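Protein chains in written order, with my numbering: chain A, 1 to 259; chain B, 1 to 283.
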Amino acid sequence: MIYFKYIRMQLRSLAQYRSTFWFMIMGQSLTCALGFASMTMMFDRFHTVAGWTYAEAALCYAAVFMAFSIAECVARGFDSFSRLIVSGDFDRLLLRPRALTLQVLGSSFELTRLGRLIVGGTILQFAARNLGVAWTADKVVVLIMMILSGVVIFFGVFMLGAAMCFVTVEGLEIVNVFTDGGREIASYPLPIYGKTALRFFTFIIPYGCFNYLPLLYLVGRADGHAALYALSPLIGMLFVIPCAFVWKAGVRRYLSTGN
Amino acid sequence: MSAVKTRNMSTITDIVRPYASMFRIQFIGQLQYRAAAWAGIVTQFFFGFVFVMMYSAFYGGEAGAVGVPSLQTIISYQWLKQAFLMMVVLWSQDADLLNQIVGGHVAYSLCRPVDLYSLWAARLLANRAARCALRFAPVLILAFVLPAPYGMIPPPNVESGLLFIVSLLLGALVAVGMSMFLYVLTFVTLSSVGPRLFIGAIADFATGMIIPIPLMPDWLQRALAMTPFPHIADLPFRIYSGDIAGAAAGAAIGVQVFWVITLGITGWLAFRVVLRRTVVQGG
């Protein structure tokens, strides 16, 4: 398949700069680890946050970082889309008789983000063991779905950001509010930020669907519709559909910046 | 006698002039990026709000936290950080200068009768000053009008306010002094993307940009106090809230001056060493 050819190409070019690659992996891991160390220090001082325990917050942190790093690794082409527009390279993609989304995805593949994935996975293990939850099969499935759902939702946000580039040409720093900012927010259980933020990040950009809603199910705090909480990661994934429509609309209206 | 004196004065201004010009040119140049600044303001404000909510949630819990500053202190700390981020972050760099080193254009700068270290330091300082000048006021104003628990409060007295300004400017100098070593490193390794990310991660943490230094464990605070890191942002922010005041503040500012001088001299010497070894290939 052509996508894998793209990836092989990207990996080969990466292999030319090996020491840079390892430094990047180490840097990424370190960022993730220091973020978690900071969270640990906060809990060391305060013990709980708005009724949530350290293990619960750690699970959120791990899930969001794993999801974000996979999404960034795969969908970096969308995340850095303004580069394609500004340079005019996007016109070349349009001329080729291959699926456009595939080409954008193939334009960049950030393997270095896997540094975060490894650290995130370690934290996830730690959190899962300290959560005091009996890990039945359904709960393991929900946990995996949390991460997958996060990947899909971040993917959607990256697509929205890319679609905005059709209008603004330059990449917008505002988009960072929803990508990096979303990551920052979702690394704690969402209710600590108050009701308005909770609603916004549940119903508009559904970070809550892979963060605290399934977490409630995992720790057995889901009152009433337990099944709904368990399925929330799946529901959250629907978010990518409107994002894809916006992206398509953007492509249709695209006028080249010239070259 | 007096003629000699004037001549000496004019030599001093002659010496300083190219660096002052560099500062002015770069400052004015950076002021042009207004749209980027507005986007930055929105982002800074958003992140500030997220962190303020987070700290409020932590403090709102049990009263078991001992030995930590008040919530109000931390919130002011956070808003100051958002407002003056561009002044004090260590990861901000000048891509032009890095490209000059990697691309070899630095050879032209070396031909000029100026001290490269001072010239670049002036330029980096101008970057920080201009980016900060465009951003800090709106963030501060918004932070001050926010309702009581989330907003920012003025310093307890005029003295703290004035010492804060002195300490913040010195902090920017410490930051410039430290970031100059990044260019030294680039002279040696030529590719700087990887190490930059690595150093940036540590610096972000050690300057108190991820969580405020007063909330870190005591042993770590003691260890960091021996490095220049807390003298960049943490110290001015704590002087602002009166957490460090009076003689203690004076002593701390003295340590800042020590770091500015130490970093300046070691950086200048490091530049001399790497520049002597630099080979410009072709042209």
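Even for Gly, the Cβ is constructed at its ideal location relative to N, Cα and C. Quick caveat, the model's predicted, so the values are computed rather than measured.
- request: Return the CA-CA distance between A/Phe263 and B/Leu110, expressed in angstroms with no decimal places.
  value: Any question about residue 263 of chain A goes unanswered here, given that chain A covers just 1 to 259.
query: Helix, strand or coil: how does DSSP classify A/Trp135 here?
result: One-based indexing of the first sequence puts residue 135 of chain A at position 135. Residue state, collapsed to three classes: coil.
- prompt: Is the CB-CB distance between A/Ile25 and A/Gly121 below 8 Å?
  reply: Residue numbering aside, residue 25 of chain A sits at position 25 when the first sequence is read from its first letter. Residue numbering aside, residue 121 of chain A sits at position 121 when the first sequence is read from its first letter. Taking 8 Å as the Cβ cut-off, A/Ile25 and A/Gly121 do not qualify as a contacting pair.
query: Does the segment 205 to 215 of chain B come within contact of the segment 224 to 238 of chain B, defined as at least 3 CB pairs closer than 8 Å?
result: Touching, yes, given that three or more Cβ pairs across the two stretches are closer than 8 Å.
message: What does DSSP give as the partner residue(s) for A/Val49 in the beta ladder?
response: As a first step, residue 49 of chain A must be located in the first sequence, where it is residue number 49. The partner list for A/Val49 (beta bridge, DSSP) reads A/Trp52.
query: Are the beta-carbon atoms belonging to A/Val74 and A/Leu105 less than 8 Å from one another?
result: On the first sequence, residue 74 of chain A is found 74 positions in, with the first residue counted as 1. On the first sequence, residue 105 of chain A is found 105 positions in, with the first residue counted as 1. The answer is yes: Cβ separation under 8 Å.
- prompt: What residues of chain B sit near A/Ile205, judged by a beta carbon separation below 8 Å?
  reply: Along the first sequence, read from residue 1 onward, the residue named residue 205 of chain A stands at position 205. Ordered by position in chain B, no residue passes the 8 Å Cβ test against A/Ile205, which lies about 13 Å from the chain.
- prompt: Looking at C-beta atoms only, is the number of pairs between the segment 149 to 169 of chain A and the segment 238 to 252 of chain A that lie closer than 8 Å three or more?
  reply: Per the Cβ contact rule, the segment 149 to 169 of chain A is in contact with the segment 238 to 252 of chain A (3 or more Cβ pairs under 8 Å).
Reduced DSSP category for B/Phe205 - H, G, I as helix; E, B as strand; rest coil: Translated into the one-based positions of the second sequence, residue 205 of chain B becomes position 205. DSSP places B/Phe205 in helix when its eight states are reduced to three.
- request: Kindly indicate if chain A contains any beta-carbon less than 8 Å away from that of B/Pro149.
  value: Taking the first residue of the second sequence as position 1, residue 149 of chain B is located at position 149. With 8 Å as the cut-off, B/Pro149 does not count as an interface residue toward chain A.
query: By Cβ distance below 6 Å, which residues in the same chain neighbour B/Ala203 in space, the five residues on each side in sequence not counted?
result: If you number the second sequence from 1, residue 203 of chain B lands on position 203. Excluding residues within five positions, the ones whose Cβ falls inside 6 Å are Leu90.
message: Taking 8 Å as the limit between beta carbons, can you name the residues of its chain near B/Met1, skipping five residues before and five after?
response: As a first step, residue 1 of chain B is located in the second sequence; it is residue number 1 there, counting from the start. With a pLDDT of only 44 at B/Met1, under the threshold of 50, the placement of this residue in the model should not be trusted, and no figure is reported.
query: Are there 16 or more other CB atoms within 10 angstroms of the CB of B/Ala20, so buried, or fewer, so exposed?
result: As a working note, residue 20 of chain B is residue 20 in the second sequence. Exposed.
message: Check whether chain B comes within 8 Å of A/Ser38, counting only Cβ atoms and requiring the distance to be less than that.
response: The residue you call residue 38 of chain A lines up with position 38 of the first sequence. For A/Ser38, the answer is yes, since a Cβ of chain B falls inside 8 Å of its Cβ.
message: Using C-beta distances below 7 Å, list every residue in its chain close to A/Val219, excluding the 5 sequence neighbours before and after it, in chain order.
response: On the first sequence, residue 219 of chain A is found 219 positions in, with the first residue counted as 1. Cβ within range, chain order: Glu56, Leu131, Val133.
- prompt: Does the distance from the C-beta atom of B/Ala57 to that of A/Ala50 stay below 8 Å?
  reply: Walking along the second sequence from the start, residue 57 of chain B turns up at place 57. Walking along the first sequence from the start, residue 50 of chain A turns up at place 50. Contact flag set, yes.
message: So B/Ala201 contacts chain A; which residues on that side make the cut at Cβ distance below 8 Å?
response: Residue mapping note: residue 201 of chain B aligns to position 201 of the second sequence, counting from 1. Taking the beta carbon of B/Ala201 as reference, the chain A residues within 8 Å of it are Gly27, Leu30, Thr31, Leu34, listed in sequence order.
Beta strand (DSSP E) runs wholly inside the segment 172 to 226 of chain A, at least 3 long, in chain order: Listed in chain order, nothing qualifies, since the segment 172 to 226 of chain A has no complete beta strand (DSSP E) run of 3 or more residues.
- prompt: Do the segment 220 to 233 of chain A and the segment 77 to 84 of chain A make contact, defined as three or more Cβ pairs closer than 8 Å?
  reply: With the rule of 3 Cβ pairs closer than 8 Å, the segment 220 to 233 of chain A does not count as touching the segment 77 to 84 of chain A.
message: Does any residue of chain B have a CB that is nearer than 8 Å to the CB of A/Val64?
response: The sequence position of residue 64 of chain A within the first sequence is 64, counting from 1. Taking Cβ atoms only, chain B never reaches closer than 8 Å to A/Val64, which makes this a no.
query: Where do the ends of the alpha helix (DSSP H) carrying B/Pro214 lie?
result: Position 214 of the second sequence, counted from the start, is the residue given in the question as residue 214 of chain B. In the DSSP annotation of this structure, B/Pro214 is not part of any alpha helix (DSSP H), being labelled neither H nor E.
message: Taking 8 Å as the threshold (C-beta atoms), are B/Phe27 and B/Ala126 in contact?
response: For the purposes of this step, residue 126 of chain B is identified with residue 126 of the second sequence, where counting begins at 1. For the purposes of this step, residue 27 of chain B is identified with residue 27 of the second sequence, where counting begins at 1. Closer than 8 Å, so yes.
message: Closer than 9 Å between beta carbons: that is the criterion. Which residues of the segment 178 to 189 of chain A meet it against chain B?
response: If the cut-off is 9 Å between Cβ atoms, the segment 178 to 189 of chain A has Asp180, Gly181, Glu184, Ile185, Tyr188 near chain B.
- prompt: Closest Cβ-Cβ distance between B/Met86 and chain A: below 8 Å?
  reply: For this step, residue 86 of chain B is matched to residue 86 along the second sequence. Taking Cβ atoms only, chain A never reaches closer than 8 Å to B/Met86, which makes this a no.
field: Close beta carbons around A/Gly236, own chain, < 7 Å, minus the five adjacent residues each side
entry: If you number the first sequence from 1, residue 236 of chain A lands on position 236. Taking A/Gly236 as the centre and dropping the five residues before and after it, the same chain places the C-beta of Ser149, Ile153, Pro206, Cys209, Phe210 closer than 7 Å to its C-beta, in chain order.
message: Does B/Trp219 pass the burial test, meaning 16 or more other C-beta atoms within 10 Å, or should it be called exposed?
response: Working through the second sequence from its first residue, we reach residue 219 of chain B at position 219. Counting Cβ neighbours within 10 Å, B/Trp219 comes out exposed, since fewer than 16 surround it.
- request: Could you tell me the distance, in whole angstroms, from the CA atom of A/Met41 to the CA atom of B/Ala172?
  value: Position 41 of the first sequence, counting from 1, holds the residue named residue 41 of chain A. Position 172 of the second sequence, counting from 1, holds the residue named residue 172 of chain B. When rounded, the distance between both Cα atoms is 27 Å.
- request: Using three-state DSSP, classify A/Met41 as helix, strand or coil.
  value: Indexing the first sequence from 1 puts residue 41 of chain A at position 41. In the three-state scheme derived from DSSP, where H, G and I count as helix and E and B as strand, A/Met41 is classed as helix.
- prompt: Between A/Leu234 and the rest of its own chain, which residues show a CB-CB distance below 8 Å, the 5 nearest in sequence each way excluded?
  reply: Locating residue 234 of chain A in the first sequence gives position 234, where the first residue counts as 1. Around A/Leu234: Met145, Ser149.
message: Can you tell me whether B/Asp234 is helix, strand or coil according to DSSP?
response: The residue given as residue 234 of chain B occupies position 234 in the second sequence. Looking at B/Asp234 - three-state DSSP - the assignment turns out to be helix.
The segment 205 to 219 of chain B: positions lying closer than 8 Å to chain A by Cβ: The residues in question are Phe205, Ile210, Ile211, Leu215, Met216, Pro217.
- prompt: Exposed or buried, which one is B/Ser167 when buried takes at least 16 other CB atoms within 10 Å?
  reply: Sequence index remark: in the second sequence, residue 167 of chain B carries index 167 (1-based). Buried is the call here.
- prompt: If you check the beta carbons only, do B/Gly194 and A/Gly27 fall under 8 Å apart?
  reply: Stepping through the second sequence from its first residue, residue 194 of chain B is reached at position 194. Stepping through the first sequence from its first residue, residue 27 of chain A is reached at position 27. Their beta carbons are under 8 Å apart, which means B/Gly194 touches A/Gly27 by this criterion.
message: Out of A/Phe109, A/Met39, A/Arg92, which one is the CA nearest neighbour of A/Ser69?
response: Along the first sequence, read from residue 1 onward, the residue named residue 69 of chain A stands at position 69. It is A/Phe109 whose Cα lies nearest to the Cα of A/Ser69.
For B/Gln72, the first and last residue of its enclosing alpha helix (DSSP H): Residue mapping note: residue 72 of chain B aligns to position 72 of the second sequence, counting from 1. Taken as a continuous stretch (DSSP letters only), the alpha helix (DSSP H) holding B/Gln72 covers 71 to 88.
message: Using C-beta distances below 7 Å, list every residue in its chain close to B/Gly264, excluding the 5 sequence neighbours before and after it, in chain order.
response: Counted from its first residue, the second sequence places residue 264 of chain B at position 264. Result list for B/Gly264: Gly177, in chain order.
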